[in-house]
Amino acid sequence: QIQGFFDIPIDHLMGVPILADYFLKNKEIDPEKSVVVSPDHGGVTRARKLADILKTPIAIIDKRRPKPNVAEVMNIVGEIEGRTAIIIDDIIDTAGTITLAAQALKDKGATEVFACCTHPVLSGPAKERIENSAIKELVVTNSIQLNDEQKPNNITELSVAEL
Numbered sequence: 001q002i003q004g005f006f007d008i009p010i011d012h013l014m015g016v017p018i019l020a021d022y023f024l025k026n027k028e029i030d031p032e033k034s035v036v037v038s039p040d041h042g043g044v045t046r047a048r049k050l051a052d053i054l055k056t057p058i059a060i061i062d063k064r065r066p067k068p069n070v071a072e073v074m075n076i077v078g079e080i081e082g083r084t085a086i087i088i089d090d091i092i093d094t095a096g097t098i099t100l101a102a103q104a105l106k107d108k109g110a111t112e113v114f115a116c117c118t119h120p121v122l123s124g125p126a127k128e129r130i131e132n133s134a135i136k137e138l139v140v141t142n143s144i145q146l147n148d149e150q151k152p153n154n155i156t157e158l159s160v161a162e163l
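Now the structure itself:
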């Protein structure tokens, strides 16, 4: 639908297939014991696409934002306990939402938490938040070039060149 906002030819390219391929090849992740998680209601379509490829159920985090870059988890809809959770988002900026979601998932019984996104902005406190969070591995595309100071020690960058 984004194509309607431009008067030149464009393609809306999705990072989900690249992220999905990585998780399908990851021997640590058993789809039968995993769940794909949307960190908010706006990301359900994206989470459903990844879950369909991985053949896992989905869960949704119900959150609210009392002010910009501040999120509070209100509830988690879906089966989490005893599963590996894979949070998928479009953008990670300050990493407040994703790290809060990861902790909420661990608190609800997730065995491990992976996070992934297409566009890793990783500004401000993002690196420190991610490194000190419940996130085992952050998987991102290289749609945004990151310098070494921005990269947490548990990041994996995937190329979007094939798109």
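In full-length UniProt numbering, the protein residues as written are 1 to 163. Cβ coordinates follow ideal geometry from the N, Cα and C atoms, glycine included.
Could you pull the DSSP bridge partners for residue i from this structure?
i, result
"residue 36", "58 and 86"
"residue 156", "139"
"residue 114", "86 and 137"
"residue 75", "62"
"residue 92", "120"
"residue 106", "Residue 106 pairs with nothing; no bridge assigned."
Just to confirm before moving on: does the CB-CB distance between residue i and residue j stay below 9 Å?
i, j, result
"residue 96", "residue 115", "no"
"residue 133", "residue 160", "no"
"residue 105", "residue 150", "no"
"residue 124", "residue 99", "no"
"residue 91", "residue 118", "yes"
"residue 84", "residue 44", "no"
Under 8 Å by Cβ, that's how I've got residue i and residue j pegged, so tell me the actual separation to the nearest angstrom.
i, j, result
"residue 39", "residue 87", "6 Å"
"residue 101", "residue 78", "The Cβ separation is near 12 Å, so there is no contact."
"residue 74", "residue 63", "6 Å"
Between which residues of its own chain and residue i is the CB-CB distance below 6 Å, once the five residues before and five after are set aside?
i, result
"residue 53", "20"
"residue 16", "49 and 50"
"residue 103", "134"
"residue 11", "For residue 11, the pLDDT reaches just 43, beneath the cut-off of 50, and the residue's location in the model is therefore unreliable, although a value from the coordinates is still provided. None."
Looking only at its own chain, which residues have a Cβ that is under 7 Å from the Cβ of residue i, when we skip the five neighbours before and after it?
i, result
"residue 146", "120 and 122"
"residue 47", "36, 37, 38, 58 and 88"
"residue 81", "108 and 109"
For residue i, which residues from the same chain have a beta carbon less than 8 Å from its beta carbon, with the 5 sequence-adjacent residues on both sides left out?
i, result
"residue 65", "71 and 72"
Under 8 Å, with one C-beta from each stretch per pair, do the region 21–28 and the region 99–109 reach the 3-pair mark?
no
Three-pair Cβ contact test at 8 Å for the region 126–135 versus the region 33–52
The region 126–135 vs the region 33–52: no contact.
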